[in-house]
Amino acid sequence: MPGECGYPSAVENGPANSQPPKSAGAPTVVLGIETSCDDTAAAIIDSHGRILSEVARGQAASHEPKGGIVPVLAVAKHVENMPYVVKEALDQSGLTMADIDAVAVTRGPGISACLSVGFNAAKTLAAVHNKPLIGAHHMEAHALTARLCFPDQIEFPFLSLLISGGHTLLLAVHGVGQYTQLGTTRDDSIGDAFDKVARALQLPWKSGPGGGAGAALEQAAQRGELYESPVAISEESPRSRPSLKIPLRVPMSVNHQVASLDFSFSGLKADVFRRIEAELASHYGQFVFDMAAAFQYTATRHLLQKVKLGLRYCQTELGMAQPRALVCSGGVASNTYIRGQLQDWAAAEKGGGGIPLFCPPPRLCTDNGVMVAWAGYERLRANMVDSYDIGVMPKWPLEDLKNWPNIKPYFR
């Protein structure tokens with residue numbers, strides 16, 4: 001997987017009518033704020049692709065005893081943390097609000113009350129300091145982050161796999177604000193399934209950046225045994241191969257569902273729950289790790305099947321001779337096993353005229369302010385700025401972006 005977050009070529013643009021002229025060649029600087037769920041984050045980036053500051057305060061320790069995210073508690077933590085993350089972001093960068101060219105904030109989708117904390121802070125900052133406001137779509141921010149991390153390597157159109165706690169989406173990305181949804185989950189998101197299986201296995205949450213229930217399951221799976229002991233190869237069975245220790249059916253693998261580009265994790269999750277109920281009390285030790293490995297393996301196979309179909313669909317039905325890249329992002333994309341399996345497939349595909357894979361660094365897969373700031377910059381240079389009177393959008397289909405009316409020109 002090539003590269004890390006780097007330095008895209010600058011795209012210099014004229015100033016907004018309300019802003020003093022910038023010196024020739026000076027980069028555009030954007031502050032991004034994220035509070036869609038349980039992370040309070042702020043970051044500052046510039047149009048040269050530099051991350052000038054990056055601050056986040058998580059809440060895992062507060063929510064783990066409750067078994068999941070509690071919105072009322074999350075809001076209280078956002079209110080407590082919001083002033084500090086913005087101040088720290090400015091202090092880290094050595095900038096003041098006078099140096100900021102625009103303020104971007106996650107507008108949705110997400111938990112309404114959580115979104116409102118960051119959104120009200122961003123609107124106030126933008127209005128008081130006379131800065132343009134960009135209401136970023138949370139999933140667009142995830143989809144575009146890789147363009148910051150891999151400068152000049154990801155051009156439109158590309159195929160995007162967005163996997164997070166709230167979403168499982170397969171998209172054709174034609175440009176900023178231009179998406180064709182190829183598939184989505186019919187029930188649970190992959191991140192939600194990871195979290196609930198982790199809780200059913202009674203795994204303690206992994207602490208620190210990128211922690212949580214899903215990360216705990218990935219960690220447990222590393223200790224699991226996926227296969228039975230290898231079968232001895234003999235003349236009678238020259239093709240004998242080890243069988244799965246805990247075989248689980250890949251979702252949507254029956255005949256009438258195979259061709260669908262949608263995802264489904266509820267059946268897989270229910271199958272895992274049944275096995276846990278039958279086995280956990282008497283076989284807690286190695287069984288926990290083996291089940292984690294089996295679930296992760298099966299969920300990843302499901303993702304791979306749909307990505308393969310999505311690539312073919314783009315080529316045959318959308319008229320794309322070849323998407324320029326596959327971008328995998330979102331919180332679950334920080335899972336090293338999933339990244340590795342996608343990379344192995346993409347490398348094999350590439351050898352046959354396939355597709356290069358790009359994933360942001362794990363810290364930029366989970367919710368963060370950098371992705372919001374970069375999405376804000378992408379929309380800013382596409383002449384898309386929002387009015388101060390817009391509100392949050394807890395439910396916001398990504399395809400609706402191209403039809404959103406509250407956009408006004410920014411650059412001359």
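Here full-length UniProt numbering is used: the first residue of the sequence shown is 1, the next is one more, and so on. Even for Gly, the Cβ is constructed at its ideal location relative to N, Cα and C.
E248 versus A270 - alpha carbon distance: As a working mapping, residue 248 is identified with position 248 in the sequence shown. As a working mapping, residue 270 is identified with position 270 in the sequence shown. Rather than Glu, the amino acid found at residue 248 in this sequence is Leu. If I take the Cα positions, the gap works out to 11 angstroms.
Return the Cβ separation of L182 and G330 in integer angstroms, given the expectation that the two are a contact with Cβ distance under 8 angstroms. The sequence position of residue 182 within the sequence shown is 182, counting from 1. The sequence position of residue 330 within the sequence shown is 330, counting from 1. The Cβ separation is near 15 angstroms, so there is no contact.
For F289, name the three-state secondary structure that DSSP assigns. Locating residue 289 in the sequence shown gives position 289, where the first residue counts as 1. If DSSP states are grouped into helix, strand and coil, F289 belongs with the helices.
What three-state label does DSSP hand D101 in the structure shown? What you label residue 101 is simply residue 101 of the sequence shown in a count that begins at 1. In the structure shown, D101 adopts coil according to DSSP, grouped into three states.
Tell me whether the beta-carbon of M139 lies closer than 7 angstroms to the beta-carbon of L311. For the purposes of this step, residue 139 is identified with residue 139 of the sequence shown, where counting begins at 1. For the purposes of this step, residue 311 is identified with residue 311 of the sequence shown, where counting begins at 1. Between M139 and L311, the CB-CB gap reaches or exceeds 7 angstroms.
Per DSSP, what kind of secondary structure is S9 in: helix, strand or coil? Residue numbering aside, residue 9 sits at position 9 when the sequence shown is read from its first letter. Caution applies to S9, whose pLDDT of 29 falls short of 50 and renders its modelled position unreliable; the value that the coordinates give is listed next. Three-state DSSP puts S9 in coil, outside helix and strand.
Under 8 angstroms: do the region 42-54 and the region 127-146 share three or more Cβ pairs, one atom per stretch? Contact between the region 42-54 and the region 127-146 is absent, because fewer than three Cβ pairs lie under 8 angstroms.
In whole angstroms, what is the alpha-carbon distance linking S282 and I276? In the sequence shown, the residue the question calls residue 282 occupies position 282. In the sequence shown, the residue the question calls residue 276 occupies position 276. If you take the alpha carbons of S282 and I276, they lie about 10 angstroms apart.
For the region 67-83 against the region 45-54, do three or more pairs of beta-carbon atoms, one drawn from each stretch, fall closer than 8 angstroms, so that the two count as touching? No, because fewer than three Cβ pairs between the region 67-83 and the region 45-54 fall closer than 8 angstroms, the two stretches do not touch.
Is DSSP giving R223 helix, strand or coil here? Working through the sequence shown from its first residue, we reach residue 223 at position 223. In the three-state DSSP reduction, R223 falls in the coil class, being neither helix nor strand.
Check whether the Cβ of P242 lies closer than 7 angstroms to any Cβ atom in chain C. Looking at the structure shown, chain C is missing, and only one protein chain is on hand.
Would you report the Cα separation of D101 and R50, rounded to the nearest angstrom? The count along the sequence shown starts at 1 and reaches residue 101 at position 101. The count along the sequence shown starts at 1 and reaches residue 50 at position 50. So the two alpha carbons sit approximately 15 angstroms from each other.
Span of the beta strand (DSSP E) around S160: Reading the sequence shown from its first residue, position 160 is the one you call residue 160. Counting along the chain, the unbroken beta strand (DSSP E) around S160 starts and ends at 158-163.
By the DSSP assignment, the alpha helix (DSSP H) with S116 in it spans what residues? By one-based count along the sequence shown, residue 116 stands at place 116. S116: member of the alpha helix (DSSP H) spanning 112-128, first to last residue.
Strictly by DSSP, which residues pair up with H48? Locating residue 48 in the sequence shown gives position 48, where the first residue counts as 1. Beta-bridge annotation (DSSP): H48 is not paired with any residue.
Expressed to the nearest angstrom, what Euclidean distance is found between the alpha-carbon atoms of G3 and R381? As a first step, residue 3 is located in the sequence shown; it is residue number 3 there, counting from the start. As a first step, residue 381 is located in the sequence shown; it is residue number 381 there, counting from the start. At G3 the pLDDT is 45, less than 50, meaning the model places this residue with poor confidence; the figure from the coordinates comes in the next sentence. G3 and R381: Cα-Cα distance of roughly 24 angstroms.
Going by C-alpha distance, which of T300, V307, P361, L201 is nearest Y337? Numbered from its first residue, the sequence shown carries residue 337 at position 337. Of the listed residues, the one whose Cα sits closest to Y337 is T300.
To the nearest angstrom, how far is the alpha carbon of D99 from that of L31? As a working note, residue 99 is residue 99 in the sequence shown. As a working note, residue 31 is residue 31 in the sequence shown. The alpha-carbon atoms of D99 and L31 are separated by roughly 10 angstroms.
Check this for me: beta carbons of F295 and V385, under 7 angstroms apart or not? One-based indexing of the sequence shown puts residue 295 at position 295. One-based indexing of the sequence shown puts residue 385 at position 385. The answer is no: Cβ separation not under 7 angstroms.
Every unbroken alpha helix (DSSP H) inside the region 275-333 [4 residues or more]: You should have 285-316.
Give me the residue from F289, H302, E378 with the minimum Cα distance to A200. Against the sequence shown, residue 200 aligns to sequence position 200. For A200, the closest C-alpha among the options F289, H302, E378 is that of F289.
Would C314 pass as a contact of R339 if the rule is Cβ separation under 7 angstroms? On the sequence shown, position 314 is the one that residue 314 refers to. On the sequence shown, position 339 is the one that residue 339 refers to. For C314 and R339, no; Cβs fall outside 7 angstroms.
Counting only the same chain and skipping the five closest in sequence on each side, list residues whose C-beta sits under 6 angstroms from that of R166. Position 166 of the sequence shown, counted from the start, is the residue given in the question as residue 166. Checking the sequence shown, residue 166 turns out to be Gly, not Arg. Excluding sequence neighbours, G166 sits near S189.
Rounded C-alpha distance that separates A104 from S387: In the sequence shown, residue 104 corresponds to position 104, counting from 1. In the sequence shown, residue 387 corresponds to position 387, counting from 1. Cα atoms of A104 and S387: separation of roughly 12 angstroms, rounded to the nearest angstrom.
Cα separation between T28 and W374? In the sequence shown, counting from the first residue as 1, residue 28 sits at position 28. In the sequence shown, counting from the first residue as 1, residue 374 sits at position 374. Their backbone Cα atoms lie some 11 angstroms apart in a straight line.
Determine the closest residue to W205 out of K131, F150, G68, T168, with distance taken between C-alpha atoms. In the sequence shown, counting from the first residue as 1, residue 205 sits at position 205. Nearest to W205 by alpha-carbon distance, out of K131, F150, G68, T168, is G68.
Once the 5 residues before and after E54 are set aside, which same chain residues still bring their CB inside 6 angstroms of it? Looking up residue 54 in the sequence shown gives position 54. So the list reads A43, V370, once near-sequence residues are dropped.
Where D400 and R57 are concerned, what is the direct C-alpha to C-alpha distance, given to the nearest angstrom? For this step, residue 400 is matched to residue 400 along the sequence shown. For this step, residue 57 is matched to residue 57 along the sequence shown. Taking the straight line from one Cα to the other gives about 30 angstroms.
Same chain, Cβ closer than 6 angstroms to R186, five either side skipped, listed in chain order: Locating residue 186 in the sequence shown gives position 186, counting from the first residue. If we look at R186 and ignore the five residues flanking it on each side, its Cβ neighbours are D262, S264.
Just the C-alpha distance for T366 and E279, rounded to the nearest angstrom, thanks. Against the sequence shown, residue 366 aligns to sequence position 366. Against the sequence shown, residue 279 aligns to sequence position 279. Each residue's Cα considered, the two are about 33 angstroms apart.
Give me the DSSP bridge partner(s) of E34. What you label residue 34 is simply residue 34 of the sequence shown in a count that begins at 1. Note: E34 is bridge-paired with A41 in the DSSP secondary-structure output.
Give me whichever residues DSSP pairs with E54 in a beta bridge. As a working mapping, residue 54 is identified with position 54 in the sequence shown. Partner residues in the beta bridge of E54, as assigned by DSSP, are A43.
What does F263 pair with, by DSSP beta-bridge criteria? Position 263 of the sequence shown, counted from the start, is the residue given in the question as residue 263. Under the DSSP definition of a beta bridge, F263 partners with T185.
Locate the alpha helix (DSSP H) running through V372, then write down its first and last residues. Here residue 372 refers to the residue found at position 372 when the sequence shown is read from its first residue. Element bounds for V372: 369-381.
When you compare each of K402, F194, E349 to V291 by their alpha carbons, which one comes out closest? Within the sequence shown, residue 291 is the residue found at index 291, counting from 1. A quick correction: the sequence has Met, not Val, at residue 291. Sorting K402, F194, E349 by C-alpha distance to the C-alpha of M291 places F194 at the top.
Apart from the five residues just before and just after Q178, which ones in its own chain have a Cβ nearer than 7 angstroms to its Cβ? Residue numbering aside, residue 178 sits at position 178 when the sequence shown is read from its first letter. Cβ neighbours of Q178 beyond the five flanking positions: K402.
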